[in-house]
Amino acid sequence: MRIRQGELCDRAYLEELQRRASLANPGDTPHLLEQPEVIALPEWQLSSGRVLVAESASVMLGFAVLLAPLEGSAELTGVFVEPGCWRKGIGLRLVQACMSRARSEAARRISVVVNPHAADFYRACGFAPTGTTRTQFGLAFLMSLPL
4 MRIRQGELCD RAYLEELQRR ASLANPGDTP HLLEQPEVIA LPEWQLSSGR VLVAESASVM
64 LGFAVLLAPL EGSAELTGVF VEPGCWRKGI GLRLVQACMS RARSEAARRI SVVVNPHAAD
124 FYRACGFAPT GTTRTQFGLA FLMSLPL
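Just so you know, we're using the numbering used here here: the sequence shown kicks off at 4 and counts up by one.
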């Protein structure tokens with residue numbers, strides 16, 4: 004498996020991957036069926052190099068979006084892995100690639116807004132809770148990973 008920068012031509016496939024991964028989580032399904040438009044990968048994130056893709060044998064298995072650091076903190080806006088590939092280390096590899104990228108951009112930490120269903124994954128990657136917030140889907144955790 005390798006991690007590479009996402010390209011504009013990946014957009015449609017990655018959005019469908021995000022949809023599959025999101026709908027595989029029963030806690031998110033009702034919200035996503037009500038608001039399918041929230042599954043979107045903005046073109047600017049791809050064109051500005053903010054998307055990292057995990058692939059094996061030219062098959063995209065997952066992706067992460069890491070925004071450029073502001074005041075020392077880079078924001079991870081999502082990690083999505085094909086449901087059939089969960090628990091195989093792909094998400095962790097994507098987070099590790101984001102950590103390397105953030106360090107190279109002088110970030111001191113990575114922050115993420117996490118729905119309750121994904122909190123255990125982020126904890127396993129080293130993120131710690133720093134608070135809570137409300138999103139359009141309800142309560143979410145604020146988590147941070149020092150670099």
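Where a beta carbon is used, it is the ideal one built from N, C-alpha and C, also for glycine.
Computed from a prediction, not measured in an experiment: that's the story for all the values here.
1. Could you check which residue in Arg14, Leu145, Leu150, Leu26 has the C-alpha nearest to that of Glu85?
2. Ile113 and Leu79: beta carbons closer than 9 angstroms?
3. Report yes if the CB atom of Leu20 is closer than 9 angstroms to the CB atom of Gly65, and no otherwise.
4. Which of the three DSSP states is assigned to Glu58 in this structure?
5. Note down the Cα distance separating Phe181 from Pro72, rounded to an integer number of angstroms.
6. Taking the beta strand (DSSP E) that Pro149 falls in, what are its first and last residues?
7. Using only the alpha-carbon positions, how far apart do Trp47 and Arg14 sit?
8. Which residues in the same chain as Phe124 place their Cβ atom closer than 8 angstroms to its Cβ, once the five residues preceding and following it in sequence are excluded?
From the atom records:
1. Leu26
2. yes
3. yes
4. strand
5. Any answer about residue 181 is impossible in this case: the structure gives the chain only from 4 up to 150.
6. 141-149
7. 11 angstroms
8. Val82, Gly94
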